Amino acid sequence: MDLTIRPRRLRGSDTLRRMVRETRLDPASLIYPMFVMDGENRVEEISALPGQYRYTVDRMEEELIRLSDAGVDKVMFFGIPAVKDEIGSQAYNAEGIVQRALRRAKKDFPDLYLITDVCMCEYTSHGHCGMLCGCDVDNDKTLELLSMTALSHVEAGADMVAPSDMMDGRVRAIRETLDAAGHTATPIMSYAVKYASSFYGPFREAAGSAPSFGDRKSYQMDFHNRHEAIREALLDVEEGADIIMVKPAMSYLDIVRDVREKVEVPVAAYSVSGEYAMIKAAAANGWIDEEKVMCEAAVSVFRAGASVLLTYYAKELASCIRSGKIG
Ligand code: PBG
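As structure tokens, this is what we get:
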């Protein structure tokens, strides 16, 4: 065969493949989402997320040690309060679950970078992401609650806040509140492009945060839309977001790529609970190789253009990166 160009030449050995690899991963890009709950001396496995647990503050140390042993130095806290009410008042209580977890983690693990999810849905009795006005969430009133929540997190030791509520104008509101309190150096990672997705199912079981009526479609995005993602991303950059997140990751990699091309700030992607649960379930049935699929899925997110990945597989991925199983 008279073939001058043979792409297979560069695939001939592992040495060569590694040399020309286009996507490289680093454990420093991984963030581990972690559930902390009110109570004492309890660790509960989340049934829809095998291998993931809810920890009381006095027991979270065991997981934080495992994380640092695995080389993961960034965690995102989700709080599960003992009591919920109409206005989610435990979200901005200085003695709330996330605030206490932050103080403890800051003291015992000073090298850990602490990020918090800022939202009302885990704290409201109705499970919506803000304050209700009739059957809908009142955007502007919710901004005050979110700002108070973000500030209380930073005061308790959060290094970065990540609003996930999808209210309009919340990045600006939070930025102004943090700045007025002197926290001008605390970055905001905005869940700017968050779709109304059924991939969040297991998370809602984990956090007990499924809406008690209706759905989140009046604030989270319609998954048929692509231009809207750019609009949301650009708006949040304008409002002061330091990192733009796309969520979910898998099934939305086209959006990760689009956003990457349109904004100048780093792009993060959140590989959500349903993505993890699907891999776990198929692997438990012996239908796929869990580690290989996990690696392939993670690489695809970085290849699409993300520079940060939030994933329940953070520890396992960090080990695969360190042992050279993936780039
Ligand atoms: C809070 C929030 C959710 C997730 C992250 N932050 C749930 C939701 O919007 O219903 C989902 C995370 C996951 O599925 O892993 N609003």
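Letter by letter, the sequence shown follows residues 2 to 328 in this note's numbering.
Every residue, glycine too, gets a C-beta built ideally from N, C-alpha and C.
As the structure is a computational prediction, the values presented were derived from the model and not from experiment.
For residue j and residue i, the rounded distance between their alpha carbons
i    : j    : result
P212 : G135 : 14 angstroms
L311 : G215 : 27 angstroms
A269 : A319 : 17 angstroms
Q53  : M190 : 23 angstroms
R258 : Y277 : 21 angstroms
Y196 : D3   : 50 angstroms
H127 : S148 : 20 angstroms
I256 : Y313 : 21 angstroms
D180 : A242 : 13 angstroms
I47  : L146 : 28 angstroms
L236 : T187 : 19 angstroms
L68  : I244 : 23 angstroms
K326 : G287 : 21 angstroms
Start and end residues, beta strand (DSSP E) containing residue i
i    : result
P164 : M161 to P164
Y33  : L31 to M38
V268 : V268 to S272
S191 : M190 to K195
L4   : From DSSP, L4 is part of no beta strand (DSSP E); its letter is neither H nor E.
L26  : It is not in any beta strand (DSSP E) - L26 carries neither H nor E in the DSSP assignment.
T117 : Y114 to V119
F78  : K75 to I81
M246 : I244 to K248
R55  : Y54 to T57
CA nearest to the CA of residue i, picked from the options
i    : options                   : result
C321 : R12, E23 and P28          : P28
V302 : V260, G89, D290 and A284  : V260
A285 : A49, H129 and T24         : A49
Y93  : I175, G40 and E63         : I175
V273 : T187, K263 and A298       : A298
E291 : P51, P34 and T125         : P51
V264 : Y271, G275, M279 and E239 : E239
I116 : W288, M35 and R7          : M35
R304 : R22, T178, R9 and L17     : R22
Beta carbon proximity, residue i to chain D, threshold 7 angstroms
i   : result
M38 : Note that chain D does not occur in the displayed structure, where there is just one protein chain.
Bounding residues of the alpha helix (DSSP H) (the contiguous stretch that carries residue i)
i    : result
T185 : No alpha helix (DSSP H) contains T185, which DSSP labels as neither H nor E.
I98  : I98 to D109
K263 : L254 to K263
T143 : N140 to A157
V300 : E291 to A305
L68  : E62 to A71
Contact the region 118 to 130 vs the region 162 to 179: 3+ CB pairs below 8 angstroms: The region 118 to 130 makes contact with the region 162 to 179; the number of CB pairs closer than 8 angstroms reaches 3 or more.
The region 14 to 32 contacting the region 65 to 83, beta-carbon criterion three pairs below 8 angstroms: Yes: at least three Cβ pairs fall under 8 angstroms.
The region 147 to 161 contacting the region 99 to 114, beta-carbon criterion three pairs below 8 angstroms: The region 147 to 161 vs the region 99 to 114: in contact.
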